[in-house]
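Residue numbers (the working numbering), protein chains in the order written: chain B, 1 to 512; chain E, 1001 to 1512; chain U, 2001 to 2512; chain A, 3001 to 3512.
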């Protein structure tokens, strides 16, 4: 396992990073816009060397493998999933679910690439490339992130359908392809070393949809990150935002060379790549939910409301959501499925149930945490207000007491605020609705994964005392994942009739 | 395992049964009000002898036990729970979740009595009695049902608080107690052989709350069953109601003798008895949900709607609910807990999440099944309408086609109707809201079972860069289960001021 | 205003009525399947002559009209709508919202026919016919009911698209048309005198979609009613079902003559006809909701729960739904719109908001009324149980007290049961989901009626300090009402590929 | 009507304002933390002189009054309410519902004080004072804001119950009282001239609960405002936050003199004062909802999604919520009630229905606006990014097209972000949950205002063919508004037993 310092050093790879509203970032490890997150990833690596974290992060050796970080295990059993899942849960809680992409997530992507290639009856070379790439990730700790490959909105609105793609081949060389174009939203590219660009990018080679692994530091790549989440003047008022503002971004490519061994032929849909990803999404959402519950509990204590029936009832509302997701993730790991290659996969049916439950619950959970503290949350002081002794004395009267100093109570209220009433929270909400596809996509996945259509339909006919036709509903799970969002391109002449756009690539897909 | 015929014979035990609206039932095995359900229980026993059902119903022998019906296994491992659960699921689906009480459920009650006695540091005799009683149930297949012991509404409104109890001791003999009184709603007493009467009955012996096993056929017992669910003139229109109208009832006792070995000292709350019962409740609700989904799927097929987006969307709504409950029950069995005596218990936290999800989902699930068939469900013909050849020909035109005869399609529509628009469905809904306590009680159980209050509350403090007070919220799970429904007893003088009623027994509790 | 006796006499018009499960009904005024509802309609007419009802049912004379029943007023002002609405509310409450079709509703239909004809730039003759027909309804009190005209499912599944219509012209005469065919679900045809058959019936004359008024008693008409709602042996257990089982039905036509003056050319959609109907739907749903609240309140009183916080909280849940619908209907009448011909229409935007709120609320409202009574509702006795003096004495103990006799309390519990746990309730739920189109249709109506798309979209641009493009979203309200349910017709060869069916008439539309 | 400049000048009244995180503000009209909102209020006054706004803001003269601003009308008729409501709607939309307190709202407070005093059978002097004060507000345009008077959390956790109050009398003089203490959250005190401090403050004079009007600029008053909502570096990314960050605050009083004519005796509950306020709350929430819908519509247009079914379905979800609230407010104004003194009041039952609907809808409405733009909202550029020509050209490719420049589309996406994913939005959500009491309080108000308990309960008994007891449920509306949040004060010895606190003033009440 490499150290955090080694990771930090690896980021000085000549990458070109632009942060919206901040401009060019010369060195992500030192620039104020990015260094805090670099520190979090450094800590992520170093945590594996911390004795207090060994039990959580290290898979014990067994007959098939030496001891290794759970982050890099290719799971073969339900117990592997339980171990991996526990490591995701504990680390995600630290950031209140705000860090959604880690090197461990990158390894899940690499496992997904391998699985997607395996599914396609690939050439030996393509398969070997995928296996080698996953092994590289596992052995070096290189940090990989993911993009579905969809084009940004500007491309999708081009008048000529041929221009609505993300990428185009500029030329081919003996060793690979040279590409240009632009890729839509994906996450943490400023901190990752490779970006997987999925087959929604529009490049086809022969009969194949081509996907690519693009180094962030490759010549011709510009990583364009979203603006920072707005925050208070000091970390006291924005304790999460200061540390956990993982940056989403776009990638702009100008004549970027991709060697053949980093080109993978997969089906257009990113679903096979996502084989383990949705499980990780669920853990991150659960971490956010558990953190919300944790803050709600702490605030309840701090405001002397632990005997107050209505408040406890709100807490139970939160517990119901947390426990439902926990049950689903537990079931997914303990009732798993397997890939044809024999790798163990959290049961998607259970994962989908958990994700759908949390997607529905999220808005109200945030609202509950805004309700529980009462109006105190609105007027909590900043740390700088305590610098004036007179003001500090008055604040002690208005915010202190009941076992808390005013500053302690204010710190907790500010944490609650930053967790559910900040731009960071808004980003997490907006991001999660899109990165993982949101409710329509998760419902579509459950529709496709549910496998008792005919069994249940024919099963109920037993209650009818008459021969009945045999029922076949196999079209329902076979239908495509979700209706794609097709952007209507209005011609410049302002006609209101939408132009049909049969040739354009799908505009909405799992990004993240 | 006894045969169905043996069970039928056992019901001729001199029992006195009154069915509301029908009057006295001389012989439950032959009376039209009760014989269909007797037949279902007979089939339940005989199914254990049916080769097609062996794999589902029989636990294979292992080092600790011979082959046995899953219905009578004392579970020691997660695998035992999975096997038992599967047998509950398959048998409950047959009745669309309408048969909530079976001899298997009775054995879960007996296991609960044993557990409740074990928890109380009992006398050797009381413990031996509980063990012996459970063994008796397992070895004979005797059918036991359950009452929390709460008094009927009339008792609870008595002016004198001392009269608000269910039962009173008339006298004590060398061999036991003689009791009189009345017990509120419980289920299937007309078909059971014993009724467990829980400690809400109000009888105290020394410092102990006493609960009792009362034979249905004992002298002095009258079983008073609710009215039958209204149904069509022929089973064609009410295929479920004709077969699965399990009857709830009250028990009236007049000087009934209870031997000491059938008296068990337990805490007043029925919760320890319910250790395995809520898990079974969840299976029955899930069976109802799966049947709803199954009928919805069949109707979708029958009406040619399987390509219709809105209909498929409704089906996915149903699938989400079914899958969430399945995930929870899967987690409960595969991530179990254990009693101090080492018996394996489905994890209540997961069970509660599943039950709460289904309690919330139920009304809309029924509504969806009413919506999916379109107006055809409203005007579907009866079987007798086909007797007239002219009418039959017209009906073929209006209801036939698309691979279904008119009668086949009508039969399916009537099944849908009987499942979600009949008095049977209304009873199942009303019954489940009360028998298992409903949403407030399930939420209360989750509040008590959830065990991360302090871990989460203190965990989030790690995000605050300042020493913070240690948080203790152990009062929240320690609070009692649920606010009891106290009936306000208005004095005859029509004063509107409620009379305080501190001495009365709790009026609401798990019945079932 | 004609008397009830005159109405009863008018039903002896040679009509041919078949009730599913009952067979042919010789005389609807005396047959047990139908006579109770005839009595209700008789009472409806006679109520207009009852001094106690004058204030509610009679519109005072004004400068434009003599005193008249509100039922037959052509509304010109908001005050007219308020008066009409109040009369609908009071009369609908009597039947707990179960009688959805009355002669007053028939007059709203006639007003809708007139409006629909007016909208089409009609011939003078067609317009005069529509005016004359409405005047006839108003002056005679003749009872008209409504069908959208859609074909039954059997027709819609015909292999030949040309056969998927409801009606076909057999021949034309000097005086009118002769039609044959079958019409899908509509309501109360056994009690009505005319049925309006909307333009979904598929008959076109020249460029016109033709709709018809068909006398129920016309030669060649068979009215086929749905099966009766199952009920208890005595009205004590089914007080609503015995009285208010309005029967839905189909109409079968064999060479039925329709005179030209009863043929109206309208657009295919029934929406213009429904101009006042949805408002009446909302009143009937509100009556059901208010009755639910009323029973919940009465049960709360009867069970001594009026001081019980959780019960009061449930009541407030019900009150919220009732009050929301009341607010919407109040707004609709007091902020009305007008037809081009100057008639006053309840504002559809407000009506839609109210209807959508109640459609969402209904399932949980029923569930709440099942929850509030506790398990007493499950075991309430029938009146016949009181005939046995011993049993009656015991019942007094178990159900009496607190100011109620056992029989009084049982009667109230049975009323609650019949209201929300009976086949009658199931029918009302299923019927309302279809007759008025259900949630998708009501949402579609609101989408079409909402008129601030461009104002709001361009309005927010004021917050942007930059010139912005003008926004035009007029396509959204202009889109058709709702995706139609197209039944996939599987060819006999059992291929699973759906046959495209471009020529078939719309299968789903407002019926009722 | 005074000018904006006159208002601005009036703020230089010696007021002492401290903004959390910013420190002391010498002059609110020039300090960067406060000047933007001062400008908004200046514009509010000047708008009354703008010809384009006359029709919206000015009440035409009638027989009872000269032409006047709707803001200062004492409403006598439904038409007055409609006019006032329209003026609230149009002005609140400008700030997307973020400015909740205006001088017009202040006049509603003054009307509420008058009404509250009138209700108490007051002395002639107290009544005359209240009338004079309202007249003063109306004639001068002086800006009044509102506090319920509750103490901050620190006071409520004091060990001695006597210290849990907000204010104490220091001494009495010939002309008035001298008070010290601290007041919890209220809104816009930095911009108001007077603060009404309600009777929750704990001061009693004789048998009376005393409330006070305190000038913000009075000697001894410190206004302590909450921290600013965090925002982007330029207004482009935070167009709403830069302009509409109305500041909530506390008030600290040290020996502040209150003349007797500014002391009003009222009941402890602020409800009578809120007579017109909840109506205004509803308008502000509706403005936020309409703005959300407006942005959603604009974004739909901008992203070419106006033909996309799922997006249109989301829009209809938003329209349903907007229309429901519009219907309720329309009903409230057109079906009003009257105070005993003859002033016209929006019907609270309808207002409550509307408010409850929006309180439930808010979280999901925000979520929908985060979902509709797709991931483009996450990565939208800042205006400063366009300064670099190369970056600008690339941005044009990724964000331009379809009739929008990249900067126009980015501006719209930033507006969406600022509206539902910013700290400003979080504040609005948290604030509204408390300022107006949140869902429990609004439900409590509806419970108290609903007046058909007995009519409905006895009405349903008509369906029972038997004499029944008369039902009286008048205790339900008579019960107090809502359970108060009592903060458990843990003694320093860390005992977990809550201290009973009978003497403390209510901790939760309508603030704002």
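Every residue, glycine too, gets a C-beta built ideally from N, C-alpha and C.
Reduced DSSP category for residue 3391(A) - H, G, I as helix; E, B as strand; rest coil: Position 391 of the fourth chain, counted from the start, is the residue given in the question as residue 3391(A). Here residue 3391(A) sits in helix by DSSP.
Cβ shell of residue 3515(A) (< 8 Å), same chain only, five flanking positions each side left out: No statement about residue 3515(A) is possible, as the shown extent of chain A runs from 3001 to 3512 and does not include it.
Check: residue 404(B) C-beta below 8 Å from any heavy atom of the ligand MN: Judged by which ligands are present, the structure shown has none, so any question about the ligand MN falls away.
Neighbour-count burial assignment, residue 3205(A), 16 or more Cβ in a 10 Å radius: Within the fourth chain, the letter at position 205 stands for residue 3205(A). By the 10 Å Cβ count, residue 3205(A) comes out exposed.
Bridge partner(s) assigned by DSSP for residue 179(B): Sequence index remark: in the first chain, residue 179(B) carries index 179 (1-based). BP columns for residue 179(B) point to 169(B) and 256(B).
Environment of residue 2067(U) [buried if 16+ CB atoms lie within 10 Å]: Position 67 of the third chain, counted from the first residue, corresponds to residue 2067(U). So residue 2067(U) counts as exposed.
First through last residue of the beta strand (DSSP E) which encompasses residue 2473(U): Numbered from its first residue, the third chain carries residue 2473(U) at position 473. That residue, residue 2473(U), is in no beta strand (DSSP E); it is neither H nor E in DSSP.
Which listed residue (1223(E), 1335(E) and 1045(E)) has its alpha carbon closest to that of residue 1516(E): Because chain E is modelled from 1001 through 1512, residue 1516(E) falls outside the range shown and cannot be assessed.
Under 8 Å by beta carbon: chain B residues contacting residue 1334(E): Against the second chain, residue 1334(E) aligns to sequence position 334. At a beta-carbon threshold of 8 Å, the residues of chain B lying near residue 1334(E) are 330, 331, 334 and 335, ordered along the chain.
Supposed contact pair residue 3056(A) and residue 3516(A) - C-beta distance, whole angstroms, cut 8 Å: Only positions 3001 to 3512 of chain A appear in the structure, and residue 3516(A) is not among them; the question remains open.
7 Å Cβ cut-off: residues of chain B touching residue 3384(A): Numbered from its first residue, the fourth chain carries residue 3384(A) at position 384. Proximity of chain B to residue 3384(A) at the Cβ level (cut-off 7 Å) is accounted for by 21, in chain order.
The stretch 176 to 185 of chain B contacting the stretch 247 to 260 of chain B, beta-carbon criterion three pairs below 8 Å: Under the Cβ criterion (8 Å, minimum of three pairs), the stretch 176 to 185 of chain B counts as touching the stretch 247 to 260 of chain B.
is_contact[residue 513(B), chain E] using C-beta, thresh 9 Å: In the structure displayed, chain B extends from 1 to 512; residue 513(B) sits before or after that span and is not available.
Opening and closing residue of the alpha helix (DSSP H) in which residue 1126(E) lies: Working through the second chain from its first residue, we reach residue 1126(E) at position 126. Residue 1126(E): member of the alpha helix (DSSP H) spanning 1124 to 1140, first to last residue.
Residue 358(B): first and last residue of the uninterrupted alpha helix (DSSP H) it sits in: If you number the first chain from 1, residue 358(B) lands on position 358. Segment 348 to 371, the alpha helix (DSSP H) holding residue 358(B).
Per-residue contacts from residue 158(B) into chain E (C-beta, under 7 Å): Counted from its first residue, the first chain places residue 158(B) at position 158. Neighbours of residue 158(B) on chain E: none; closest Cβ ~29 Å, over 7 Å.
Chain-order list of residues whose beta-carbon lies under 7 Å from that of residue 3374(A) (same chain, five-residue window excluded): For this step, residue 3374(A) is matched to residue 374 along the fourth chain. So the qualifying residues of the chain are 3303.
CA-to-CA distance, residue 2168(U) to residue 2048(U), given in whole angstroms: On the third chain, position 48 is the one that residue 2048(U) refers to. On the third chain, position 168 is the one that residue 2168(U) refers to. If you take the alpha carbons of residue 2048(U) and residue 2168(U), they lie about 41 Å apart.
As assigned by DSSP and simplified to three states, the class of residue 3018(A): Indexing the fourth chain from 1 puts residue 3018(A) at position 18. Judged by DSSP in its simplified three-state form, residue 3018(A) adopts strand.
Bounding residues of the beta strand (DSSP E) (the contiguous stretch that carries residue 3208(A)): Numbered from 1 along the fourth chain, position 208 holds the residue referred to as residue 3208(A). DSSP places residue 3208(A) inside the beta strand (DSSP E), whose first and last residues are 3208 to 3215.
Bridge-paired residues (DSSP) for residue 2265(U): Against the third chain, residue 2265(U) aligns to sequence position 265. Note: residue 2265(U) sits in a beta bridge opposite 2210(U).
C-beta contact flag for residue 2461(U) and residue 2241(U) at 9 Å: Numbered from 1 along the third chain, position 461 holds the residue referred to as residue 2461(U). Numbered from 1 along the third chain, position 241 holds the residue referred to as residue 2241(U). No, they are not a contact pair.
Residue 295(B) in three-state terms, based on DSSP: Here residue 295(B) refers to the residue found at position 295 of the first chain. Helix, per DSSP.
Inter-stretch contact (C-beta, 8 Å, three-pair minimum) for the stretch 335 to 348 of chain B and the stretch 269 to 278 of chain B: Put simply, the stretch 335 to 348 of chain B touches the stretch 269 to 278 of chain B. At least three CB pairs are less than 8 Å apart.
Sufficient close CB pairs (3 or more, under 8 Å) joining the stretch 1267 to 1276 of chain E to the stretch 1213 to 1229 of chain E: No, the stretch 1267 to 1276 of chain E does not touch the stretch 1213 to 1229 of chain E.
Closer than 8 Å at the beta carbon, the chain U residues around residue 3475(A): As a position in the fourth chain, residue 3475(A) is number 475, starting the count at 1. Correct list: 2306 and 2307.
Segment contact, 8 Å Cβ cut-off, at least three pairs: the stretch 1334 to 1343 of chain E with the stretch 1418 to 1437 of chain E: The answer is no - the stretch 1418 to 1437 of chain E does not touch the stretch 1334 to 1343 of chain E, with fewer than three Cβ pairs under 8 Å.
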